[in-house]
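Sequential numbering from 41 applies to the sequence shown in my numbering. Beta carbons are placed, not taken as given, at the ideal position from N, Cα and C, and that holds for glycine. None of these values were measured; they are calculated from a predicted model. Have a look at the structure below, then the notes.
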Amino acid sequence: MKTEKIVETNEADAVVNSATRLKILKERADILAKPLFTEADKGIELVGLVFLLSDEQYIIDASFVVEVIHINDLTQLPSCPPFLMGIINVRGRIISVFNLKSFLNLPTKGITNHNRVIIVKHKQIEIGLLADEMIGNITVYLNQLQDPMSTLSSRQKEYLLGITIDHAVLLDIEKFLSADEIIINEEI
Numbered sequence: 041m042k043t044e045k046i047v048e049t050n051e052a053d054a055v056v057n058s059a060t061r062l063k064i065l066k067e068r069a070d071i072l073a074k075p076l077f078t079e080a081d082k083g084i085e086l087v088g089l090v091f092l093l094s095d096e097q098y099i100i101d102a103s104f105v106v107e108v109i110h111i112n113d114l115t116q117l118p119s120c121p122p123f124l125m126g127i128i129n130v131r132g133r134i135i136s137v138f139n140l141k142s143f144l145n146l147p148t149k150g151i152t153n154h155n156r157v158i159i160v161k162h163k164q165i166e167i168g169l170l171a172d173e174m175i176g177n178i179t180v181y182l183n184q185l186q187d188p189m190s191t192l193s194s195r196q197k198e199y200l201l202g203i204t205i206d207h208a209v210l211l212d213i214e215k216f217l218s219a220d221e222i223i224i225n226e227e228i
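In structure tokens, the structure reads:
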């Protein structure tokens, strides 16, 4: 008889567990069906230009971008920091070209046909940034950014606004263009 009671109890538990299980699964499905962020959660949006540096995607605020050009006739300058590649002439304007990979201590490789110079401007500073390859434009919602990883160097963290859900790094280009360390004023 004990066996019969156990069987009856297990059958009743199975019915209750089945109903509870279905309720839990329905709740989970409802949660998963909701978008991660609602329109109200998105917050301030930024239109950015996406490019590659050392096989990683980086983004800069498109409002700072003047133009994107092929690298041509780069003139190297003596006695400059390694992150200053040289200068180029763009329709009569002399533009300094910076290698962000060198500046941010990322792996570097040679210049190819895919490289572009992104000319950016903030206040009176206009410079070129060497990009390995252009990807396109993207809309970034600032309150959805993740904090930079703790494994980054202090210089890398200093010039990053955050990381997108897709793992693209948003650079603080305004801070970079305002930094004293990019101003080279040496006399030989």
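Assigned with DSSP and collapsed to three states, Ala219 falls in coil, not helix or strand. Under the three-state reduction of DSSP, Leu185 is assigned to coil, being neither helix nor strand.
A direct Cα-to-Cα measurement between Ile109 and Glu67 gives close to 52 Å.
For the 8 Å CB-CB criterion, His162 and Glu214 form a contact. For Ile111, the three-state secondary structure derived from DSSP is coil. The DSSP-derived three-state label of Ser103 is helix.
A direct Cα-to-Cα measurement between Lys197 and Leu146 gives close to 13 Å. With respect to Glu96, Val180 sits apart: the two C-beta atoms are not nearer than 8 Å.
Between Phe104 and Val157, the CB-CB gap reaches or exceeds 8 Å. Cβ neighbours of Leu201 within its own chain (closer than 6 Å, five residues either side excluded): Leu210, Asp212. With fewer than 16 other Cβ atoms from the protein chains shown falling within 10 Å of its own Cβ, Gly150 counts as exposed. Between the alpha carbons of Leu217 and Gln116 lies a gap of roughly 21 Å. Membership of Phe138 in the beta strand (DSSP E) is indicated by the continuous run 133 to 138.
In this structure, the straight-line span from the alpha carbon of Ser119 to that of Ile223 is close to 14 Å.
Closest option to Glu85, judged by alpha-carbon separation, among Leu93, Ala73, Ala102: Ala102.
Within the DSSP secondary-structure output, Lys161 pairs in a beta bridge with Glu166. Using a 10 angstroms sphere on the CB of Ala171, the tally of other CB atoms reaches 16 or more, which defines it as buried.
For Thr179, DSSP records a beta bridge to Val87. Secondary structure of Ala59 (DSSP, three-state): helix.
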